[in-house]
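Enquirer: Protein chains in written order, with the numbering used here: chain A, 416 to 699; chain B, 1215 to 1354.
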């Protein structure tokens, strides 16, 4: 049986771990709240820009290249949004496994240009043999704008230059702290149900409809990428909060068990001492 | 056509903040091809904004100023949607910061060292003007 001192030491060590996990849970909760707020602000903007672009596209005379299907044999760009840090449950592992599955199955016959946001994901994917075209880290977590813009600009350029025929993004959509389903979204060409109706209304465009549509689509992709980064960030914090909450609870259980063990051991020692005293007295 | 109401619903939606909505008699909007005023029953109209002040006149005739950045505008018969990249209500504007940004941009423009900085400084200057204009409640 472990000595009293050993048990005491273990209790102390688990208690320290619990302090850390509790603090991490608290930090994640605070960050989650901020991330949720910013997500709530960006979502309606994206919806509006998209609605505007859809209505404009439906009335455009010439289809925009961003809306036209390309050959299914062309290379694919896949952008995966993972976290920079671990300790967030299965968050990164699930993304990595899904990415590898996509490479093996859905995109098996095509050249895949893989871009990964987040250090955890890019390191693991490299280690598991995936070839990355670009890896980003969310160093400025508070400004997903620039990162979103850079990523969007890059894939739009590749798409225009016909270096890639489709652009997909794999990320977690934030629903709640415990529910963040994976989504594979096709960004280019855009999947819009273009109901070509309503030509009766005469719209005035300043500048021309083509210019506006182009600018709208570019803005839409940038802000959509921004939204995706925020969805992923909120999901990461939610995931970490849940994981750290579970860790704190587990640590509590371990402490309870060890305390019980400790008390038993102490009781044993006392009993043994009493017996020794009693039998010593009897011997006299 | 149905009976025309004497207000239109104005919505300003920007990525960094919650949606602003109000009913207005008229709205003055800085478009890329010039300032324009929208009143109820305006022809459907799509355009883009440049940095400037949006003036919203509420049903009581009071003017509300918003500093907006570049963005898009959709005018429908009973509805105006402005989608700028940033927006601030006149009361939220930090005047000192806007003025500091203005002087900084002007200084950069005078130096004219490299082109990338030049366009950025120009944009910064426009945004600073927009804030100062909205804060001072000037129509243009």
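Built from N, CA and C at the ideal position, the CB exists for glycine as well.
(1) Taking Cβ-Cβ distances shorter than 8 Å, what residues in chain A pair up with residue 1252 of chain B?
(2) Consider the Cβ of residue 482 of chain A: report whether some Cβ of chain B lies at a distance smaller than 8 Å.
(3) Work out the CA separation of residue 1350 of chain B and residue 1237 of chain B for me, nearest whole Å.
(4) Going straight from the alpha carbon of residue 547 of chain A to that of residue 434 of chain A, what length do you get?
(5) What distance in whole Å lies between the Cβ atoms of residue 1259 of chain B and residue 619 of chain A, which are believed to be in contact at a cut-off of 8 Å?
(6) Indicate the three-state DSSP secondary structure (helix, strand or coil) for residue 601 of chain A in the structure shown.
(7) Determine which residues share a DSSP beta bridge with residue 1298 of chain B and list them.
(8) What do you reckon, are the CB atoms on residue 492 of chain A and residue 533 of chain A nearer than 8 Å?
(9) Cα separation between residue 1314 of chain B and residue 1341 of chain B?
(10) Mind pulling the alpha helix (DSSP H) runs of 4 or more residues that sit fully within the segment 477-552 of chain A?
(11) Classify residue 627 of chain A as buried or exposed, calling it buried when 16 or more other Cβ atoms lie within 10 Å of its own Cβ.
(12) Check whether the Cβ atoms of residue 454 of chain A and residue 645 of chain A sit closer than 8 Å, and answer yes or no.
(13) Residue 486 of chain A to residue 623 of chain A, Cα distance in whole Å?
(14) Would you kindly work out how many angstroms separate the C-alpha atoms of residue 639 of chain A and residue 501 of chain A, rounded to a whole number?
(15) What are the residues of the segment 457-491 of chain A that lie near chain B, defined by any Cβ-Cβ distance shorter than 7 Å?
(16) Within the same chain, show all residues whose beta-carbon is closer than 7 Å to that of residue 635 of chain A, passing over the 5 residues directly before and after it, in chain order.
(17) Can you confirm whether residue 627 of chain A, when its beta carbon is compared against all beta carbons of chain B, has any partner nearer than 8 Å?
(18) Could you pull out every unbroken beta strand (DSSP E) segment of at least 3 residues lying fully inside the segment 1227-1294 of chain B, listed in chain order?
(19) Report buried or exposed for residue 694 of chain A, applying the criterion of at least 16 other Cβ atoms within 10 angstroms of its Cβ.
(20) Helix, strand or coil, according to DSSP, for residue 1353 of chain B in the structure here?
(21) With residue 432 of chain A and residue 666 of chain A assumed to form a contact (beta carbons below 8 Å), what rounded beta-carbon distance in angstroms separates them?
(22) Using CA coordinates, which residue listed in A:597, A:572, A:576 and A:428 is at the minimum distance from residue 654 of chain A?
Expert: Quick answer:
(1) Under the 8 Å cutoff, chain A gives no residues; its nearest Cβ is about 12 Å from residue 1252 of chain B.
(2) No - not a single Cβ of chain B is within 8 Å of the one on residue 482 of chain A.
(3) Whole-angstrom Cα-Cα distance: 23 Å.
(4) Approximately 38 Å, taken between the alpha carbons.
(5) So it is a contact: roughly 5 Å between Cβ atoms.
(6) Strand at residue 601 of chain A.
(7) Within the DSSP bridge table, the entry for residue 1298 of chain B names B:1285 as partners.
(8) Going by C-beta atoms, residue 492 of chain A is not nearer than 8 Å to residue 533 of chain A.
(9) Residue 1314 of chain B and residue 1341 of chain B: Cα-Cα distance of roughly 12 Å.
(10) As for any alpha helix (DSSP H) of minimum length 4 sitting wholly inside the segment 477-552 of chain A, the runs are 506-519 and 534-542, ordered along the chain.
(11) With 16 or more other Cβ atoms within 10 Å, it is buried.
(12) Yes; because the gap between Cβ atoms is below 8 Å, this pair is in contact.
(13) The alpha-carbon atoms of residue 486 of chain A and residue 623 of chain A are separated by roughly 30 Å.
(14) When the Cα atoms are used, residue 639 of chain A and residue 501 of chain A turn out to be separated by approximately 25 Å.
(15) Within the segment 457-491 of chain A, the qualifying residues are 457, 459, 460, 463, 464, 467 and 471.
(16) Around residue 635 of chain A, the same chain offers 464, 465 and 468 as residues with beta carbons nearer than 7 Å, after the five sequence neighbours per side are excluded.
(17) It does: the Cβ of residue 627 of chain A has a partner Cβ on chain B nearer than 8 Å.
(18) Segments of the beta strand (DSSP E) lying fully in the segment 1227-1294 of chain B: 1234-1238, 1240-1245, 1248-1252, 1259-1263, 1266-1271, 1277-1282 and 1285-1290.
(19) Exposed is the call here.
(20) DSSP places residue 1353 of chain B in coil when its eight states are reduced to three.
(21) 6 Å between Cβ atoms; contact.
(22) Per the Cα distances, A:597.
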